[in-house]
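I have placed the structure first, in the form of structure tokens, so that the comments after it can refer back to it.
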DNA sequence: AACACTGTTTCACTTATCGCAACACCCAAT
DNA sequence: ATTGGGTGTTGCGATAAGTGAAACAGTGTT
């Protein structure tokens, strides 16, 4: 039953390394920048980028001559997202939740040892959590991550908790035992909180989304700045949040059994 | 000044070919299916998929053993989309436009000789245009495409119109001269219509979005089934549509000069 | 049980890719 | 203008990386 480690290929690895150089902060990169960052020879880098360009995975700015990620990626991602009928089921509930809370709403699913945002509605306010589609965040210190951890298969959770848990802020819980207490809390209350555990000034609450088989497949969250997400406000948000999560779950065929 | 054709690489081409096999309709594929579709040897296909899996570009279903596109693509696409501050500027106007029209709203930008959806809000109705993020559509027979063509650099438009224009439906305009008349009409009225020119039963109206430099960089559209998008309804939609497009343009720094 | 089918892996071959080096280019400073 | 430090692209021979045939291991069907 041991999963055979998939065989890799040099070129695929290199492509991945190159593409991952591009971030929101550094979205336009030159050949040399990428070459240095990846350790690849500059001619190799140049040719790989050129080939990637041909396929639309990157684009080249006409003015600066720098490369950036291309729209073919959006095209492919669209296929992935379309498959998540979760997103479609969620749409209307997200809208109303966004309306009520005026904060940023996210849906995250598990992706390896992290969670990844597959749907985002941003708060209309100028100070807001800038949820980003496709963004990966850690599990142990985010509201969505805690939800996913709580309902995860025990052996998988065990494995993740045994990894070194990075302390992003002073509030980050890095002690597995305290985390287990938190999970029990999530189970009981039906929602998780991250109180500046991932980023200073950022508070979020999240609730699980179930599919028809009763598995937790995603987490729905409300994220905002600490000063707007005080305990009173959070208390107000909990019902709409859990309601929305429940409605979405029902859309997916989940039936409350008892 | 002649753009040198970018050099390609076999592996990159193959990767692209493989990834493009996956569609909404055929989202889960086995090695043999892909092998047949691409003409690649099955061992090659198997190894490439295995390597792509290692990088998260594809995933492998534990039950069926089939492959599907992976979340790393969403991750990368997120970076691309984040760069489009257009999407952020548009958000609130999209919401209200969706509210008013109850039809599917899209924002498309130019991508080579096609347009690509970078933002989609779906109609709440069950019969609706299923706009899909990242979906590519032709230019000459869609409302957004016509808008983009209308305001495109003349030589580029010339080139595209000189290509064979596929007749998707009986209504598709494939004659460059008639199309030019249509462009003049778009210029004058400030919006474009596609009346079942791309798909039977699908009608859409679109209006241009300008950036601070006064260039048309995107098109905003309302799409719905013919029976709901009759000429009266379309007339009602035009003002909200052009208003929204204008507001978004302003958000991007566009100033109406005269 | 034999069969048809899929997906993975081994292995010797060969070709696609690499890294060097040379080149072309841009700009800033002399 | 001339040099110099930087970038990005491209020939070329060497070679390592990827290939395809075939064998193997599963899975389900008749």
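Residue numbers (this note's numbering), protein chains in the order written: chain A, 1 to 258; chain B, 1001 to 1258. Beta carbons: idealized from backbone N, C-alpha and C, even for Gly. The structure presented is a predicted model; accordingly, all values stated were derived computationally and were not measured.
Which one of A/139, A/45, A/123 has the shortest CA to CA distance from residue 132 of chain A? Looking up residue 132 of chain A in the first chain gives position 132. Answer by Cα proximity: A/123.
Output yes if chain A places a C-beta closer than 7 Å to the C-beta of residue 1006 of chain B; else output no. What you label residue 1006 of chain B is simply residue 6 of the second chain in a count that begins at 1. Answer yes: the Cβ-Cβ gap between residue 1006 of chain B and chain A drops below 7 Å somewhere.
What does residue 1237 of chain B touch in chain A if you count any residue whose Cβ is under 8 Å from its own? Sequence index remark: in the second chain, residue 1237 of chain B carries index 237 (1-based). Residues of chain A with a Cβ closer than 8 Å to the Cβ of residue 1237 of chain B do not exist, since the nearest Cβ in that chain sits about 20 Å away.
Going straight from the alpha carbon of residue 139 of chain A to that of residue 1083 of chain B, what length do you get? Here residue 139 of chain A refers to the residue found at position 139 when the first chain is read from its first residue. Here residue 1083 of chain B refers to the residue found at position 83 when the second chain is read from its first residue. Roughly 26 Å between the two C-alpha positions.
Taking buried to mean at least 16 other C-beta atoms within 10 Å of its own C-beta, is residue 4 of chain A buried or exposed? Position 4 of the first chain, counted from the first residue, corresponds to residue 4 of chain A. With a pLDDT of 47 at residue 4 of chain A, under the threshold of 50, the predicted position of this residue should be treated as unreliable, though the coordinate-derived value follows. Burial call: exposed.
For residue 217 of chain A, is the classification buried or exposed, using 16 other Cβ atoms within 10 angstroms of its Cβ as the cut-off for buried? Translated into the one-based positions of the first chain, residue 217 of chain A becomes position 217. With 16 or more Cβ atoms within 10 Å of its Cβ, residue 217 of chain A is classed as buried.
Output the boundary residues of the alpha helix (DSSP H) element that contains residue 1066 of chain B. Counted from its first residue, the second chain places residue 1066 of chain B at position 66. Boundaries cannot be given for residue 1066 of chain B, as no alpha helix (DSSP H) includes it and DSSP labels it neither H nor E.
What residues in the segment 37 to 56 of chain A have a beta carbon less than 8 Å from any beta carbon of chain B? Listed in sequence order: 47, 48, 50, 51, 52, 53, 54, 55, 56.
Could you work out which residues of chain A lie near residue 1136 of chain B, taking near to mean beta carbons separated by less than 7 Å? Indexing the second chain from 1 puts residue 1136 of chain B at position 136. Contact annotation for residue 1136 of chain B against chain A: 75 [CB-CB distance below 7 Å, chain order].
Would residue 1219 of chain B and residue 1206 of chain B qualify as a contact pair, given that the criterion is a beta-carbon distance under 7 Å? The count along the second chain starts at 1 and reaches residue 1219 of chain B at position 219. The count along the second chain starts at 1 and reaches residue 1206 of chain B at position 206. Going by C-beta atoms, residue 1219 of chain B is nearer than 7 Å to residue 1206 of chain B.
Below 8 Å on C-beta distance, what does residue 1186 of chain B contact in chain A? Within the second chain, residue 1186 of chain B is the residue found at index 186, counting from 1. Neighbours of residue 1186 of chain B on chain A: none; closest Cβ ~24 Å, over 8 Å.
I'd like to check one pair, residue 59 of chain A with residue 70 of chain A: are the Cβ atoms closer than 7 Å? The residue given as residue 70 of chain A occupies position 70 in the first chain. The residue given as residue 59 of chain A occupies position 59 in the first chain. Annotated as proximal: residue 70 of chain A and residue 59 of chain A, with beta-carbon spacing under 7 Å.
For a test of the three-state rule: what should DSSP assign to residue 145 of chain A, helix, strand or coil? Reading the first chain from its first residue, position 145 is the one you call residue 145 of chain A. Note: residue 145 of chain A maps to helix in three-state DSSP.
I want to see whether chain A comes within less than 7 Å of residue 1218 of chain B, judged by CB atoms only; does it? In the second chain, residue 1218 of chain B corresponds to position 218, counting from 1. So, not an interface residue.
Is it right to say residue 1178 of chain B is buried, meaning 16 or more other beta carbons lie within 10 angstroms of its own, or is it exposed? Counting from one through the second chain, the residue named residue 1178 of chain B turns up at place 178. Residue 1178 of chain B is exposed by the Cβ-count criterion.
In the DSSP output, which residue or residues are listed as bridge partners for residue 109 of chain A? Reading the first chain from its first residue, position 109 is the one you call residue 109 of chain A. Paired residues: A/116.
Indicate, with yes or no, if the ligand NAD has a heavy atom lying under 6 Å from the CB of residue 79 of chain A. With respect to the ligand NAD, the structure shown offers nothing to examine, as it has no ligands at all.
Applying the criterion that 16 or more other CB atoms from any shown protein chain within 10 Å of the CB defines a buried residue, is residue 249 of chain A buried or exposed? Counting from one through the first chain, the residue named residue 249 of chain A turns up at place 249. For residue 249 of chain A, the number of other beta carbons within 10 angstroms of its own is at least 16, and it is reported as buried.
According to DSSP, is residue 1001 of chain B helix, strand or coil? What you label residue 1001 of chain B is simply residue 1 of the second chain in a count that begins at 1. With a pLDDT of only 29 at residue 1001 of chain B, under 50, the local geometry of the prediction cannot be trusted, and no value is derived from it.
What residues are listed by DSSP as bridge partners for residue 1060 of chain B? If you number the second chain from 1, residue 1060 of chain B lands on position 60. Answer is B/1067.
Which stretch, first to last residue, makes up the beta strand (DSSP E) that contains residue 207 of chain A? In the first chain, residue 207 of chain A corresponds to position 207, counting from 1. It spans 202 to 210 - the beta strand (DSSP E) in which residue 207 of chain A sits, taken as one unbroken run.
Using a Cβ-Cβ distance under 7 Å, would residue 27 of chain A count as near chain B? Here residue 27 of chain A corresponds to residue number 27 of the first chain, with the count starting at 1. Yes - at least one Cβ of chain B is within 7 Å of the one on residue 27 of chain A.
Let me see if you follow: with CB-CB separation under 7 Å, is residue 198 of chain A close to chain B or not? To locate residue 198 of chain A, count along the first chain from 1; it is residue 198. No, no contact with chain B.
Supposed close pair residue 1161 of chain B, residue 12 of chain A - CB separation, criterion 8 Å: By one-based count along the second chain, residue 1161 of chain B stands at place 161. By one-based count along the first chain, residue 12 of chain A stands at place 12. That pair is no contact at about 39 Å.
Considering just the uninterrupted stretch of the alpha helix (DSSP H) at residue 157 of chain A, what are its terminal residues? The residue given as residue 157 of chain A occupies position 157 in the first chain. In the DSSP assignment, residue 157 of chain A falls within the alpha helix (DSSP H) that extends over 154 to 162.
For residue 197 of chain A versus residue 171 of chain A, is the C-beta distance shorter than 7 Å? Stepping through the first chain from its first residue, residue 197 of chain A is reached at position 197. Stepping through the first chain from its first residue, residue 171 of chain A is reached at position 171. Between residue 197 of chain A and residue 171 of chain A, the C-beta gap is smaller than 7 Å, which places the two residues in contact.
C-beta atoms of residue 201 of chain A and residue 164 of chain A nearer than 7 Å: Taking the first residue of the first chain as 1, we reach residue 201 of chain A at position 201. Taking the first residue of the first chain as 1, we reach residue 164 of chain A at position 164. The answer is no: Cβ separation not under 7 Å.
Residue 13 of chain A touches chain B at which residues, Cβ-Cβ below 9 Å? Sequence index remark: in the first chain, residue 13 of chain A carries index 13 (1-based). Chain B residues near residue 13 of chain A: 1051, 1054, 1055.
For the alpha helix (DSSP H) that residue 1167 of chain B lies in, which residues bound it at each end? Here residue 1167 of chain B refers to the residue found at position 167 of the second chain. Element bounds for residue 1167 of chain B: n/a, residue is neither H nor E.
To the nearest angstrom, report how far apart residue 1221 of chain B and residue 1173 of chain B are at their CA atoms. Position 221 of the second chain, counted from the start, is the residue given in the question as residue 1221 of chain B. Position 173 of the second chain, counted from the start, is the residue given in the question as residue 1173 of chain B. Roughly 19 Å between the two C-alpha positions.
When the Cα of residue 159 of chain A is compared with those of A/21, A/107, A/149, which residue comes out closest? The count along the first chain starts at 1 and reaches residue 159 of chain A at position 159. If we check each option's Cα against that of residue 159 of chain A, A/149 comes out closest.
Between residue 1215 of chain B and residue 106 of chain A, what straight-line distance do the alpha-carbon atoms span, to the nearest angstrom? Stepping through the second chain from its first residue, residue 1215 of chain B is reached at position 215. Stepping through the first chain from its first residue, residue 106 of chain A is reached at position 106. Their backbone Cα atoms lie some 33 Å apart in a straight line.
Quick check: what's the CA-CA separation for residue 233 of chain A versus residue 243 of chain A? Translated into positions along the first chain, residue 233 of chain A becomes position 233. Translated into positions along the first chain, residue 243 of chain A becomes position 243. A direct Cα-to-Cα measurement between residue 233 of chain A and residue 243 of chain A gives close to 16 Å.
Establish whether the CB of residue 1111 of chain B and some CB of chain A are separated by less than 7 Å. If you number the second chain from 1, residue 1111 of chain B lands on position 111. The beta carbon of residue 1111 of chain B falls within 7 Å of a beta carbon belonging to chain A, placing the residue at that interface.
Nearest residue (CA-CA) to residue 141 of chain A, options A/240, A/57, A/180: Working through the first chain from its first residue, we reach residue 141 of chain A at position 141. Just measuring C-alpha positions, the residue of A/240, A/57, A/180 sitting nearest residue 141 of chain A is A/180.
Less than 7 Å between C-beta atoms, sequence neighbours within five positions excluded: which residues of the same chain meet that for residue 1110 of chain B? Stepping through the second chain from its first residue, residue 1110 of chain B is reached at position 110. Within the same chain, residue 1110 of chain B has close Cβ partners 1148.
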